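476 is the number that my numbering gives to position 486 of the sequence shown; each next residue is one higher, with no gaps.
Backbone N, C-alpha and C define an ideal beta-carbon position, used for all residues, glycine too.
Only a predicted model underlies this, so the values are computations on that prediction, with no experimental measurement involved.
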Amino acid sequence: MTEKKTFYITTPIYYPSGNPHIGHCYTTLACDCLARYKRMQGFDVMFLTGTDEHGQKIEKKASAEGVTPQEYVDGIVANFKRLWERIGITYDRFIRTTDDYHVESVQRIFKDLYDRGYIYKGEYAGKYCVPDEAFWTESQLVDGKCPECGREVVDAREEAYFFRLSSFADRIEALLTDEEKAFLEPQSRVNEMVNNFIRPGLEDLCVSRTSFSWGVPVSFDDKHIVYVWIDALSNYITALGYDNERYSDFSQYWPADVHMMAKEIVRFHSIIWPAVLMALDVPLPKKIYGHGWITFNGSKMGKSTGNVIDPFILADRYGVDALRYHLLREMPFGADCAFSNELMITRLNSDLANDLGNLLSRTVAMVLKYFDGTLPVAREYEAIDEDLSAQVLALQATVESNFESFHFSVALAEVFRVISRANKYIDETAPWVLAKDAAKAARLATVLYHLLETIRVASILLSPVMPNTMPEIWRQIGASPEMTKWSSAGNFGILTPDVTVSKGEVLFPRIDMDKEIEYLNGILAPAATESNPTGTPAAAAPGEQPEGKPEEKKPEILIDDFAKLDLRVGKVLSCEAVKKSDKLLCFSLDDGMGGRQILSGIAQYYKPEELVGTNVIFIANLAPRTMRGLVSEGMILSSATPEGYRLIRPEGDPLPGAEVS
Ligand code: MSP
């Protein structure tokens, strides 16, 4: 028996320093699409994702929240996993850099590099902020002061370990500029790496830190912590069992077929990572692909800029497949892509509801109407049929070559070009005219069969991107699993000649643009304003009340208006996630008045159990309302931060029911 060919694909491991957003979704979806496509082709796929959990930033965030770094990351990692499940990510393995086996491997890798002479002990000289215990380079300083706290810095030296990156400069340049190998894509990134980083001179890299402790200790000198990028990059091999006993498929899957990421971390992957692997005598990954950014209001969408669009909300409103389609269709190869709600809705309406949805519903409706759902087998061909079937037959090769070269949007555009062609074919062949003449039954059946076959092929090719809805299409057009295999997309005429179709629901309902925009503007990623300086999504999520555009200042009120609010302190007696809701937590509060239940849309930002016993502030005289079948008697206050919603807490230890004024 011949062994299956393998395909190993990775996302970056994400920092759990804030909740995942659309930007993280893009890379993970692109990988998921490739993983599904390769599995359909029969490859033995390993799709790896995970989280990069060490470092000073996480340590500081955790301490600001009064929890341990491990507790802090555990909560956010759970949210990443929940999102991946929600949007249908079929990863095979999830690595956390805090996993014991990874930590052990990183220690061994570091020691190995040291023993081989590629890591040496030296002295790090830089600007040091004493209160922050942090080293900065000259260029990181802001007005000559610490970029974190703005205080004076001093010249300081510190013992540190260095990796001999400089000695790999020539080999890395040769690797990146070997056009045949195309190690780094798109090509534009190669020029950037070579001109900006390699030619000006690669310096040895400082690969240990002593200023914080949340990381992997150097095994033979444990006051030093391994530099996070060495820790993080190693994940791609430790996850397969390199230097550890947890897994044993390194020889099966390595070298990786592709490491996917956005452009800002291409430098680490195309310069440092190959150098480390060369030093370890490990083969290099086959490809690094650095896509562009999803931007919002002109800047990279990211957790620290606050302009984060909530993928849970988009998936809930438009469906997972629509979200997946939109992101992969819109992002051009290698370039940035501005996220816009208008663009998304236009795209969903025109491609999914109009072109694909209509083609399917018209075709199925005609087979039902003219032939009671089952085509007769007699055929009568015309030249125009061949024109359509030739385009359908050519589609698979086009999609494959575009998937392989990461041109997802082109692949999808090509499928939709053929779908449009098929819609035009309906107009050209006018089945409703053929249906009037009993002598044209064979011709009519031929036309409808061509349409069904076009739908079958298009839906197979779309299934890595829209895995949830395509099976419903197959059910409607009477295609068996055998007929929807990837390999069968290269043939025309696979459905049985007397195929029977089935009526089904509308797969992609049209979206009312004006209404949706009003709704989305109310809850998603508003532009930064005075009252909301980070541009963080405004308060609809917690109370699930989308009314009111957050970027508009509310009208002035009088003190009497404020006095109408009965704000009180409550103690959380119990807290649980609400079934079938990604957002809602159900609180039972000791309100000093006999207790009450309140729902709050902060499930993405807290684990319910961590809230029990803590104090919150709530509106006690809000009219009760029902959400997901549960009554909510008030509203718990929280506010948007760049990391998501945080509860507003009273200081000290007020009694339950204490008034807030
Ligand atoms: N932990 C490092 C990666 C280590 S890999 C060995 C890291 N983490 S991150 O959380 O900041 O994730 C960065 C990656 O998330 C990007 O490279 C990209 O894959 C994805 N994206 C985050 N924001 C994005 C956009 N706005 N647009 C597109 N991709 C984005 O860097």
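>> Buried or exposed for Y104, going by 16 or more other Cβ atoms inside 10 Å?
In response: buried
> How do the segment 12 to 31 and the segment 184 to 203 stand: do at least 3 beta-carbon pairs fall below 8 Å, yes or no?
Replying inline: no
> Straight-line CA distance for L350 to T39?
Replying inline: 35 Å
> Per DSSP, R636 forms a beta bridge with which residues?
Replying inline: S629
> Hey, out of Y509, P245, V602, V389, whose CA is closest to F577's CA?
Replying inline: V602
> Along the chain, which unbroken stretches of the alpha helix (DSSP H) at least 4 residues long are found entirely within the segment 284 to 359?
Replying inline: 301 to 308, 310 to 320, 331 to 337
>> Could you tell me the alpha carbon to alpha carbon distance between A222 and S95, rounded to whole angstroms?
In response: 12 Å
>> Helix, strand or coil for Q653? Go by DSSP, reduced to three states.
In response: Within the shown structure, residues of the chain are numbered from -9 to 651, placing residue 653 beyond reach of any answer.
> If M321 sits next to G282, beta carbons under 8 Å apart, how far is it from one beta carbon to the other, in whole angstroms?
Replying inline: 7 Å
> Considering A265, what are the terminal residues of the alpha helix (DSSP H) in which it resides?
Replying inline: 263 to 270
>> So R314 and M456 are supposed to be a Cβ contact under 8 Å. How far apart are they, rounded?
In response: 6 Å
> In the structure shown, what three-state DSSP assignment does E113 receive?
Replying inline: strand
>> Is it buried or exposed, V405, if we count other Cβ atoms within 10 angstroms and call 16 or more buried?
In response: buried
>> Taking 8 Å as the limit between beta carbons, can you name the residues of its chain near G205, skipping five residues before and five after?
In response: H44, G45, R199, I215, V216, V218, D221
> Does DSSP put S201 in a helix, a strand or coil?
Replying inline: coil
>> the ligand MSP and I227: does any heavy atom of the ligand fall closer than 6 Å to the residue's C-beta?
In response: no
>> With DSSP as the reference, identify every bridge partner of I278, one or two as the case may be.
In response: L174, H249
> So A20 and F398 are in contact, right, with Cβ under 8 Å, and what is the actual spacing, rounded?
Replying inline: 6 Å
> Does DSSP put I507 in a helix, a strand or coil?
Replying inline: helix
> For the candidate residues D160, F158, F125, V208, whose alpha-carbon lies nearest to that of V144?
Replying inline: F125
> Thinking C-beta only, is I284 closer than 7 Å to F329?
Replying inline: yes
>> I want to know whether the segment 225 to 237 touches the segment 187 to 196 - three or more CB-CB distances under 8 Å.
In response: no
>> So, for N234: in the same chain, excluding its five sequence neighbours on each side, which residues have a beta-carbon less than 7 Å away from its beta-carbon?
In response: Y91, E94, S95, T228
>> Per DSSP, what are the beta-bridge partners of E394 in this structure?
In response: According to DSSP, E394 bridges with nothing at all.
> Out of A252, D247, K253, which has the shortest C-alpha to C-alpha gap to K276?
Replying inline: D247
>> V57 and P6 - do their beta-carbons sit closer together than 7 Å?
In response: no
>> Quick check: the Cα distance between G324 and K430, rounded to an integer number of angstroms?
In response: 50 Å
>> Tell me the rounded alpha-carbon separation between D34 and Y243.
In response: 9 Å
>> So for E142, helix, strand or coil by DSSP?
In response: strand
>> Less than 6 Å separating the Cβ of H316 from some heavy atom of the ligand MSP?
In response: no
> Between A312 and L365, which are expected to be in contact by the criterion C-beta below 8 Å, what is the C-beta distance as a whole number of angstroms?
Replying inline: In fact, because the Cβ distance is near 30 Å, the residues do not count as touching under 8 Å.
> Helix, strand or coil: how does DSSP classify E149 here?
Replying inline: strand
> Residues in its own chain within less than 6 Å of D341 by CB, not counting five upstream and five downstream?
Replying inline: F406
>> Using a Cβ-based criterion (distance less than 6 Å to any ligand heavy atom), does W283 qualify as near the ligand MSP?
In response: yes
> Given a threshold of 16 other Cβ atoms within 10 Å of its Cβ, counted over all protein chains shown, does C119 qualify as buried or as exposed?
Replying inline: buried
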